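Report on the following structure.
Number of protein chains: 2
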Amino acid sequence: MRILIVEDAQDMAEAVAIRLTRAGMACDLAGSCGEAHDFLAVQSYDVVVLDINLPDGMGTEVLQALRARADRTPVLMLTALFSVDDRVSALDLGADDYLTKPFDPRELEARVRALHRRESGQKAEELRLGALRFNPAAMSATRDGARLDLTRRELTLLALLMRNAGKTMSKERLYQGLFSFDDADVGLNAIELYIARLRKKLTGTGVVIETQRGLGYCLRATP
Amino acid sequence: MRILIVEDAQDMAEAVAIRLTRAGMACDLAGSCGEAHDFLAVQSYDVVVLDINLPDGMGTEVLQALRARADRTPVLMLTALFSVDDRVSALDLGADDYLTKPFDPRELEARVRALHRRESGQKAEELRLGALRFNPAAMSATRDGARLDLTRRELTLLALLMRNAGKTMSKERLYQGLFSFDDADVGLNAIELYIARLRKKLTGTGVVIETQRGLGYCLRATP
DNA sequence: TCTTCGACGATCAGGATGCGCATGGGATCT
DNA sequence: AGATCCCATGCGCATCCTGATCGTCGAAGA
Numbered sequence: 001m002r003i004l005i006v007e008d009a010q011d012m013a014e015a016v017a018i019r020l021t022r023a024g025m026a027c028d029l030a031g032s033c034g035e036a037h038d039f040l041a042v043q044s045y046d047v048v049v050l051d052i053n054l055p056d057g058m059g060t061e062v063l064q065a066l067r068a069r070a071d072r073t074p075v076l077m078l079t080a081l082f083s084v085d086d087r088v089s090a091l092d093l094g095a096d097d098y099l100t101k102p103f104d105p106r107e108l109e110a111r112v113r114a115l116h117r118r119e120s121g122q123k124a125e126e127l128r129l130g131a132l133r134f135n136p137a138a139m140s141a142t143r144d145g146a147r148l149d150l151t152r153r154e155l156t157l158l159a160l161l162m163r164n165a166g167k168t169m170s171k172e173r174l175y176q177g178l179f180s181f182d183d184a185d186v187g188l189n190a191i192e193l194y195i196a197r198l199r200k201k202l203t204g205t206g207v208v209i210e211t212q213r214g215l216g217y218c219l220r221a222t223p
Numbered sequence: 001m002r003i004l005i006v007e008d009a010q011d012m013a014e015a016v017a018i019r020l021t022r023a024g025m026a027c028d029l030a031g032s033c034g035e036a037h038d039f040l041a042v043q044s045y046d047v048v049v050l051d052i053n054l055p056d057g058m059g060t061e062v063l064q065a066l067r068a069r070a071d072r073t074p075v076l077m078l079t080a081l082f083s084v085d086d087r088v089s090a091l092d093l094g095a096d097d098y099l100t101k102p103f104d105p106r107e108l109e110a111r112v113r114a115l116h117r118r119e120s121g122q123k124a125e126e127l128r129l130g131a132l133r134f135n136p137a138a139m140s141a142t143r144d145g146a147r148l149d150l151t152r153r154e155l156t157l158l159a160l161l162m163r164n165a166g167k168t169m170s171k172e173r174l175y176q177g178l179f180s181f182d183d184a185d186v187g188l189n190a191i192e193l194y195i196a197r198l199r200k201k202l203t204g205t206g207v208v209i210e211t212q213r214g215l216g217y218c219l220r221a222t223p
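Quick mapping for you: the protein sequence lines, in order, are chains A and B.
Okay, so the first sequence: first residue is 1 according to full-length UniProt numbering, each after it adds one.
Okay, so the second sequence: first residue is 1 according to full-length UniProt numbering, each after it adds one.
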């Protein structure tokens, strides 16, 4: 799950980011409307957490711009204001939820999760390919009922590939799914590393990861 | 198991909450339709106990709103009214069960449990894994007929794991089931603590709790 | 068709990180 | 008074990622 946090107060933003990251979400931080626009132009998110007061304008501008291009990404507004008008106008502009400061980070986490749940509508069915089964609910991959021993990164990578089985996934695309911008210093060959590990653990499953030189990787069943 | 109790009569609400809490359920209390909506926007519940008479409207509104967004959470209606019409309309709106006041708290507890069992697709009342047997109604776990001496939290945690045996349960997921919003300041490592205690008490039962670093915990029978 | 070169990908080992476990102790409930 | 519950802290180790080296593919030229 990919989250954009738009908040100018550094400490607040980081606290939130740490919390959500622990919860398994990949977070990007934007400190202003401008930055937010940049991020949103480049990357799509599952949920946007949006502060109203920003140094270069109101957060509602970001929301408006988003909705103006028919982007339905769930938005959670943060506000120090107590005014009912502000809340109402935020909701009218297409915000999906709001939270007034100060708030319990636990509550924020829960709301973000709720928004995502509402949006994705509980699409948790088992994926199959070859002798391999991937169960999103159990967070596990099995072969003939035997559970594959995968680490967190390996599992999310496999999930990405399974959901796009047969399609060529560029290294950048996989990178986006695995890391957040905070992991900015992570090299691209980290992907190659996890591909290699996955390949080893997938031997005998009737599933292989093909390398498409210069293009990316592709998961497919062996004939 | 996480329960939302929507009831404006303070004493009644608390009595129910205490009863269910003792039975190992994590309860949140809402005193009005508005509060109920807030809770439901943020947290998903296993069962909602819903009074019909609320200060700011009818409980059925909450039910309607819930079903309107395709939320199938089991709802148990409480009503002082004796009218058959009310019961019928409640059931038509998607309530799963109802109880007329005054009621025996034991009956409420049993019905809540039944609703949850039905929803989660559990066949038998008793759950078995390895040499371990768990009885949700009696809140007791036995091994070869000998009762394991578990505390309330330990039992609740075991219940969660037994119901999802074989699935990896994230620490956050377990947290949601164990604690209510009133326990807001409880840290995440409380989970680790109870896992450790449970593990000790489960030695010899043919059941182990596996740690999946960064992912969560998984209960399974030893081969 | 064969060769050569360049670039991309695979692999390995080692160090940093942070997760999960254990212990002790204080607070709260029975 | 006793049990239960939960926090704080420190340690050990699985995981993660880097950096460098080796392998390999493919295009261009003869």
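Every residue gets a Cβ at the ideal spot worked out from N, C-alpha and C, and that includes glycine.
All values derive from a computational prediction rather than experimental measurement.
Subject >> Whole runs of the alpha helix (DSSP H) within the UniProt domain "Response regulatory" (2 to 116) of chain B, excluding any shorter than 4 residues >> reply: 10 to 22, 33 to 42, 59 to 68, 84 to 92
(message) Looking only at its chain, what residues have a beta carbon closer than 7 Å to the beta carbon of R19 (chain B), apart from the 5 residues adjacent to it on each side?
(response) If we look at R19 (chain B) and ignore the five residues flanking it on each side, its Cβ neighbours are P105, E109.
* Assuming A36 (chain A) contacts V62 (chain A) (C-beta within less than 8 Å), just tell me the rounded distance between them. => 5 Å
Check your understanding: At what residue ranges does the UniProt DNA-binding region "OmpR/PhoB-type" (124 to 221) of chain A contain a whole run of the alpha helix (DSSP H), taking only runs of 4 or more?
Key -> 152 to 163, 171 to 178, 189 to 202
TODO: Could you tell me how far apart the beta carbons of L219 (chain B) and L161 (chain B) are, in whole angstroms, since I believe they sit closer than 8 Å?
DONE: 4 Å
The segment 94 to 103 of chain B contacting the segment 133 to 150 of chain B, beta-carbon criterion three pairs below 8 Å:
No, the segment 94 to 103 of chain B does not touch the segment 133 to 150 of chain B.
TODO: Spell out whether any CB of chain B is found under 7 Å from the CB atom of A114 (chain A).
DONE: At least one CB of chain B lies nearer than 7 Å to the CB of A114 (chain A).
**Residues near G130 (chain B) in its chain [Cβ-Cβ closer than 8 Å; skip 5 each side]** = T205, G206, V207, A221, T222
How about K201 (chain B): is its C-beta nearer than 7 Å to some C-beta of chain A? Contact with chain A is absent for K201 (chain B), since none of that chain's Cβ atoms lies less than 7 Å from the residue's Cβ.
(request) With a cut-off of 8 Å on the beta carbons, I'd call R143 (chain B) and L150 (chain B) a contact; round off their distance for me. (result) No, R143 (chain B) and L150 (chain B) are not in contact; Cβ-Cβ is about 11 Å, not under 8 Å.
Alpha carbons only, please: which of B:V75, B:N164, B:A190 is nearest the one belonging to I52 (chain B)? B:V75
Is there a Cβ from chain A that is less than 7 Å from the Cβ of V42 (chain B)? It does; some Cβ of chain A falls within 7 Å.
TODO: Determine the burial state of R117 (chain A): buried for a count of at least 16 other Cβ atoms within 10 Å of its Cβ, exposed for fewer.
DONE: R117 (chain A) comes out exposed.
Point to revise | C-beta atoms of R47 (chain B) and I5 (chain B) nearer than 7 Å | key: A small fix is needed here, since residue 47 (chain B) is Val in this sequence, not Arg. Against a cut-off of 7 Å, the Cβ pair of I5 (chain B) and V47 (chain B) comes out as no contact.
A41 (chain B) versus K200 (chain A) - alpha carbon distance = Between A41 (chain B) and K200 (chain A), the C-alpha separation is close to 43 Å.
Q. Around the C-beta of Q212 (chain B), are 16 or more other C-beta atoms found within 10 angstroms, so that it is buried, or is it exposed?
A. buried
Next item on the list: Return no unless some Cβ of chain B is closer than 7 Å to the Cβ of A95 (chain A).
Entry: no
Here's a check: name, in chain order, each residue in its chain whose Cβ is nearer than 6 Å to the Cβ of V186 (chain B), leaving out the five neighbours to either side. F179
For I209 (chain B) and G145 (chain B), the rounded distance between their alpha carbons: G145 (chain B) and I209 (chain B): Cα-Cα distance of roughly 21 Å.
Next item on the list: Grab me the residues of L91 (chain B)'s own chain with a C-beta within less than 8 Å of its C-beta, minus the 5 sequence neighbours each way, in chain order.
Entry: Y98
Nearest residue (CA-CA) to A65 (chain B), options B:P55, B:L78, B:A95, B:A184
B:A95
- In angstroms with no decimal places, state the Cα-to-Cα distance between L158 (chain A) and L174 (chain A). 10 Å
Q: Using alpha carbons as the reference points, say which of B:A184, B:K171, B:R113 lies closest to L193 (chain B).
A: B:K171
**Asked** Do you know whose CA, among A:G57, A:P55, A:M58, A:V112, lies nearest A26 (chain A)'s CA?
**Response** For A26 (chain A), the nearest C-alpha among the options comes from A:V112.
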